[in-house]
Amino acid sequence: MYTLYKLNPADLNENFLQALQLLFSGKTIEVSVREVDAANESTDIWQAIQRFRQSMNQADYPDNTDIFANIRDHSAGREVVL
1 MYTLYKLNPA
11 DLNENFLQAL
21 QLLFSGKTIE
31 VSVREVDAAN
41 ESTDIWQAIQ
51 RFRQSMNQAD
61 YPDNTDIFAN
71 IRDHSAGREV
81 VL
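1 is the number of the first residue of the sequence shown in UniProt numbering; add one for each residue after it.
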């Protein structure tokens, strides 16, 4: 199994280590650490999602509201000619 984590060193804590231990229980793992270029960070989808979440105002979305309720188009779509 291959898993890639991109995080700040400040985020390394006991919870992270416990998650690794559970995920790779009984296996030998290899840990490689490298600095991520700032240019790559701006195009990383996970980083973009995190930035979006941080920019959202939670007060605009009450807990009992389904913000994705009407996001899908339920129309039949286009006709396919074979």
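We put the CB at the ideal spot given by N, CA and C, even for glycine.
query                                                                          : result
C-beta atoms of residue 56 and residue 23 nearer than 9 angstroms              : no
DSSP state of residue 9 mapped onto helix, strand, coil                        : helix
Alpha-carbon spacing of residue 27 relative to residue 71, whole angstroms     : 42 angstroms
First and last residue of the uninterrupted alpha helix (DSSP H) at residue 55 : 45-55
Coil, strand or helix - residue 37 by DSSP                                     : coil
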